[in-house]
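Numbering (the UniProt record's numbering), first residue to last: 1 to 356. All residues carry an ideal CB built from backbone N, CA and C; glycine is no exception. Here the structure is a predicted model, which is why all the values come from computation and not from measurement. What follows is a short report on a single structure.
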């Protein structure tokens, strides 16, 4: 059940098979180098040079895999440094996949989603701040209300009474309650989201982020159909917890995995500890939408586990992936049903006596 061969190993095995003649299981290194050129095997110059410079001895498929993923085959100084950091915390059998995982980090395509979404959020904030008469930039919810009279919701904010305007379930992510709120979100989403997008590409990270934002407003309305909602925190939480899903999914192939676990554990403990304190022990009303945060975290874990790139896919992981998809889809559908059934300003299912 736990057997499986990584995608990179399969590629290298296929390349070695193309280099063999007849029933060969081992090939002299000098012969290997000449066959690569004549048979047009798709290796980069660093890998070709590593093979040419290796001692002229017989090499099998495992030896071929070790050479093309060795430090000598890597032309990038930064990635060679990443090899040096990662190698002491993994076994020799893991180096092929871990080195290949590091090699897969590229800016092609570039991480345009995180840059674009951040640029739009900053642009929208500054546009409305200027239009609203330059109120306090640190605390003003620019664009949240028309003409700043706090009675007519703006076109982007999520407002329960306007739930039929379905774009609001996602568009609220472009508004923020002041520059403090905006900076907190965009800094974290750039620091966390860009590495994820580089490794897993826009077609995985984009849906995680947008689904999380939508799920945040759906869950907020399902539990508390009285609250307005602004900010991209649901998407930010999805990116953070997608890192958790990524570590779980690629544990054996993950470089610096214990460092990642420590950083994520510290963040989760402090964030959730602070949320519990503000919700149950602090004297003031907590206006933070923890439900949107929870929806984002659930999206990052469950949908992230399903959609993120899995370096070595075991059968049990495939089963878990589809279980995660089924659970997440069920939760998503349930919140949609609640949104349809519950009327705006219905009783809050999660009351906070400090907020009136």
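- Excluding sequence positions up to five before and after residue 234, its CB lies within less than 6 Å of the CB of 212, 213, 216, 292, 295 and 296, all in the same chain and listed in chain order.
- Relative to residue 200, the option among 161, 67, 174 and 103 whose CA is nearest is 103.
- Under a 10 Å Cβ-count criterion, residue 335 is classified as buried, with 16 or more other Cβ atoms of the shown protein chains found around its own Cβ.
- Collapsing the DSSP output to three states places residue 266 in a helix.
- By the CB criterion at 7 Å, residue 151 and residue 178 fall outside the cutoff.
- Nearest neighbour of residue 111 by Cα position, chosen from 197, 45, 24 and 260, turns out to be 197.
- Boundaries of the alpha helix (DSSP H) harbouring residue 97: 95 to 103, taken from the DSSP string.
- For residue 114, the uninterrupted alpha helix (DSSP H) run begins and ends at 112 to 131, by DSSP.
- In this structure the segment 261 to 280 does not lie against the segment 313 to 321, because fewer than three pairs of beta carbons, one per stretch, are closer than 8 Å.
- Here residue 109 is exposed, its C-beta having fewer than 16 other C-beta atoms within 10 Å.
- Contact between the segment 120 to 130 and the segment 28 to 41 is absent: fewer than three C-beta pairs spanning the two stretches fall below 8 Å.
- Note on geometry: alpha-carbon atoms of residue 244 and residue 303 lie some 12 Å from one another.
- DSSP, read as helix, strand or coil, puts residue 256 in coil.
- Looking at 290, 333 and 259, the one whose alpha-carbon comes closest to that of residue 273 is 290.
- With a cutoff of 7 Å on beta-carbon distance, residue 47 and residue 61 are scored as not near each other.
- Contact between residue 72 and residue 52 fails: their C-beta atoms lie close to 10 Å from each other, not under 8 Å.
- Contact between residue 153 and residue 221 does not hold, since their C-beta atoms are separated by about 14 Å, which reaches or exceeds 8 Å.
- Residue 121 and residue 170 have their C-alpha atoms spaced approximately 13 Å apart.
- Spanning the alpha carbons of residue 203 and residue 210 requires a straight line of approximately 11 Å.
- Sequence-distant Cβ neighbours of residue 240 in its own chain, meaning closer than 6 Å and more than five residues away, are 192.
- Between residue 9 and residue 65 the beta-carbon gap is near 6 Å, inside 8 Å, which marks them as a contact.
- Its chain contains 307 as the residues whose beta carbon lies nearer than 7 Å to that of residue 207, once the 5 sequence neighbours on both sides are disregarded; these appear in chain order.
- If you check the CB distance, residue 311 and residue 250 come in under 7 Å.
- The continuous alpha helix (DSSP H) containing residue 62 extends over residues 61 to 68.
- Under the 10 Å beta carbon count, residue 224 is surrounded by 16 or more other beta carbons and is classified as buried.
- The beta carbons of residue 157 and residue 175 sit about 6 Å from each other, so the pair counts as a contact at 8 Å.
- The alpha helix (DSSP H) runs of length 4 or more contained entirely in the segment 10 to 42 are, from start to end of the chain, 29 to 38.
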